[in-house]
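Written out below as structure tokens is the structure these notes cover.
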Amino acid sequence: MRTTLTEENYLKALFHLVDNERKVTINELSKFLNVKMPSVNNMMKKFAEKKWVIYETYKPLIVTENGRREAALVVRKHRLTEMFLVKKMNFGWENVHEIAEQLEHVHSQIFFDKMDEILDHPKFDPHGEPIPDKDGNIIAQDLQKLSSCEIGENVTFASVTLSDDAFLTYLNDRKLLLNTKVKIIKIESFDKSMTIEIDGKTEILSKKATEKILVKK
């Protein structure tokens, strides 16, 4: 039986919220989806019937392997779509999230397999996030927040934790794109804003921005 749009939105939320033990609380889901807790409880009971989660009253949910795979496959459709829009349709990385939100609910597996083939099986989406494969497996990345870096370090901009249009436009304005080499020049003690060097030019980033930028050394 096909998953519904609502179920896929819940699955995607589980994907983003689970911890290393595959646990997440009803309250976390409620806040993330902006849905009242009784509705979340009812949906998770349905997920338990489908063997996607282990549900016990007053305890954190445990996402099963089947649930993890189902969630990853929804995310796969979203991230493949974003990559297709950027690489084949020349959309900016700041303009693809909302379109992908709509297309991720298409049920045709052939459609997304063809998209994957045309793109030559990309491993990452336009925002640097890994694209799950057809079995729901995902590449582990060893990344850290730019805000955790120290003065003098040289790092590479690898991903963002926020695909918000305004934030990506903010990065565009500063010529800060994926795979850009960055050197940390100064960190203000007052507000933790950071001066970085990109291609010999300096830019100042707010603490809020450096919290949402992921880098690799």
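Under UniProt numbering, think of the first position of the sequence shown as 1, with each following residue one higher. We put the CB at the ideal spot given by N, CA and C, even for glycine. Nothing here was measured: the structure is a model prediction, and the numbers come from that model.
Backbone secondary structure at residue i - three-state DSSP
i      : result
Lys61  : Here residue 61 is Leu; the residue named in the question, Lys, does not match the sequence. Strand at Leu61.
Phe190 : coil
Ile110 : helix
Ile118 : helix
Val96  : coil
Lys181 : strand
Glu150 : coil
Glu101 : helix
Phe84  : helix
Endpoints, beta strand (DSSP E) assigned at residue i
i      : result
Thr156 : 154 to 160
Glu203 : 201 to 205
Nearest-angstrom Cβ-Cβ length linking residue i and residue j, presumed shorter than 8 Å
i      : j      : result
Ser30  : Lys23  : About 15 Å separates the two Cβ atoms, so there is no contact after all.
Ile138 : Ala71  : That belief does not hold up - the Cβ atoms of Ile138 and Ala71 are roughly 10 Å apart, past 8 Å.
Glu104 : Lys77  : 4 Å
Asn179 : Phe157 : 7 Å
His127 : Ser148 : Contact doesn't hold; Cβ gap of about 19 Å is too wide.
Lys207 : Ser193 : 6 Å
Val74  : Lys12  : 5 Å
Sheet register partners of residue i (DSSP bridge)
i      : result
Leu214 : Lys145, Ser159
Glu70  : Paired residues: none, contrary to the question.
Phe124 : Pro130
Ile138 : Answer is none; Ile138 lacks a bridge partner.
Residue i: first and last residue of the uninterrupted alpha helix (DSSP H) it sits in
i      : result
Leu168 : 165 to 173
Residue i CB to nearest heavy atom of the ligand ZN below 6 Å
i     : result
Val24 : The ligand ZN is not part of the structure shown, which contains no ligands of any sort.
What beta strand (DSSP E) runs, 3 residues minimum, are completely inside the UniProt domain "HTH dtxR-type" (1 to 64)?
-> 61 to 63
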